[in-house]
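In this note's numbering, the protein residues as written are 3 to 118.
In structure tokens form, the structure reads like this:
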């Protein structure tokens, strides 16, 4: 283990409220996310195989407040019943990561480009 600052916060967890689209009004859901390895993010972004999609997507989500423990059956039923649920959940993760990466980038010391 190293004490050096890292830009990619792999393993970090955070919670965000996400509005899941329903037939009537959006449903507010508290989702607990995790930051997977960077390779998982790249694989998710490049994925064209629907069979791999859910397995990759599931690596970003730890839990939510819709049941005692998040189960794949309930999550899949939300994804099927309410189109746009996956985009809403992933957008919550992306918004958080944009903020974190900007903050972490500012914490790194940048060398000066000036010549003495």
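The beta-carbon is built from N, C-alpha and C at its ideal position, and this holds for glycine as well.
Find the nearest neighbour of residue i within the set the options, judged by alpha-carbon distance.
{"i": "residue 44", "options": "18, 30, 53 and 62", "result": "62"}
{"i": "residue 93", "options": "11, 54, 47 and 73", "result": "47"}
{"i": "residue 40", "options": "13, 86, 31 and 17", "result": "13"}
{"i": "residue 32", "options": "22, 42 and 18", "result": "18"}
{"i": "residue 22", "options": "80, 15, 53 and 52", "result": "80"}
{"i": "residue 42", "options": "59, 74, 107 and 98", "result": "59"}
To which residues does DSSP link residue i through a beta bridge?
{"i": "residue 74", "result": "None, per the DSSP bridge assignment."}
{"i": "residue 29", "result": "22"}
{"i": "residue 66", "result": "33"}
How close, in whole Å, do the beta carbons of residue i and residue j come, if the pair is a contact with beta carbons under 8 Å?
{"i": "residue 84", "j": "residue 34", "result": "Their Cβ separation, rounded to whole angstroms, is 19 Å, which puts residue 84 and residue 34 out of contact at 8 Å."}
Could you tell me whether any non-hydrogen atom of the ligand ADP is closer than 6 Å to the CB of residue i?
{"i": "residue 47", "result": "Because no ligand of any kind appears in the structure shown, any question about the ligand ADP cannot be addressed here."}
Label residue i either buried or exposed according to how many other C-beta atoms from any shown protein chain fall within 10 Å of its C-beta, with 16 as the threshold for buried.
{"i": "residue 37", "result": "buried"}
{"i": "residue 9", "result": "exposed"}
{"i": "residue 87", "result": "buried"}
{"i": "residue 20", "result": "buried"}
Rounded to whole angstroms, what's the CA-CA distance from residue i to residue j? Just pull it up for me.
{"i": "residue 69", "j": "residue 50", "result": "31 Å"}
{"i": "residue 65", "j": "residue 11", "result": "18 Å"}
{"i": "residue 67", "j": "residue 109", "result": "33 Å"}
{"i": "residue 77", "j": "residue 102", "result": "26 Å"}
{"i": "residue 100", "j": "residue 29", "result": "24 Å"}
{"i": "residue 74", "j": "residue 27", "result": "24 Å"}
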